Structure formats: C-alpha cells, structure tokens
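**Student:**
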Amino acid sequence: MYGTLAGALAGRKIPFDRTTFTATVDGRIVGIGKTIKIESMTVHYRLSVPPEAREAAERALAAHPQGCPAHESVKGAIAVAWDATMTVGDQTITVRSS
806 MYGTLAGALA
816 GRKIPFDRTT
826 FTATVDGRIV
836 GIGKTIKIES
846 MTVHYRLSVP
856 PEAREAAERA
866 LAAHPQGCPA
876 HESVKGAIAV
886 AWDATMTVGD
896 QTITVRSS
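Residue numbers in the sequence shown follow this note's numbering, run continuously in steps of one, and reach 903 at the last position.
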C-alpha cells in the first residue's frame, strides 16, 4: 500500500518529501487450533504536503487501497485499515480510512 500511495501522490503531481514519507503496520493475530491467522492490520502513514495539495492528497489517500494489488488480494480475508498523519504547512491533521 505504501508504494501504491506514493504512486498515487506522484501521479497527481502532489509534492511530498520522500525522505519523511513513512509507514508502519500494526497487525492483529489470532490463534486457531495450532495455527495462527492474521485477522486485521492497520497501516499508519506519516507524510508532508504543501497546503495547496491537501485536498488532492486526501483524495489520493481515500483512493489508494483500491489500486493496491496486495490490498485487493487480501481484503476479503484480512480487515485492512489505514490512517495518515499529514503535515500540511504548519498544521498536522489525521485522516483515516472509513
């Protein structure tokens, strides 16, 4: 999803600092008998965009899961969510998947 979001931002010509664009993932694993199953995961993004690119960046965030082959492959079996902490000029905002 990280690469898909980077591509969505670049494709929309949204300037972002690639050196501070990061993602971490939290996962929830449950035991089933003697095996485990990944039940859910949340991708946490951090990125910076200029104020004039805020709306376009929010649209890219909302659309990027549908363009990600990995997300599309597991979405029926694993609950996948994301959130993004965006620095927009001198503001910090959080955007979350619905």
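We put the CB at the ideal spot given by N, CA and C, even for glycine.
All figures in this text were calculated on a predicted structure; none of them were measured in a lab.
Using the DSSP secondary-structure output, state which residues sit across from E842 in a beta bridge.
**Tutor:** Checking the sequence shown, residue 842 turns out to be Lys, not Glu. Partner(s): V835.
**Student:** Is S903 helix, strand or coil when you go by DSSP?
**Tutor:** Here S903 sits in coil by DSSP.
**Student:** State the DSSP-derived secondary structure class of R823, mapped to helix, strand or coil.
**Tutor:** It is coil, neither helix nor strand.
**Student:** When the distance is taken between beta carbons, is I843 closer than 7 Å to I883?
**Tutor:** Result yes, Cβ atoms of I883 and I843 sit closer than 7 Å.
**Student:** Is A886 helix, strand or coil when you go by DSSP?
**Tutor:** Looking at A886 - three-state DSSP - the assignment turns out to be strand.
**Student:** Does the pairing of the region 864-872 with the region 827-842 give three or more beta-carbon distances under 8 Å?
**Tutor:** Flag = no, the region 864-872 and the region 827-842 do not touch.
**Student:** Kindly say whether M846, judged by its beta-carbon, lies nearer than 7 Å to any beta-carbon of chain D.
**Tutor:** Judged by its chain identifiers, the structure shown contains no chain D, having just a single protein chain.
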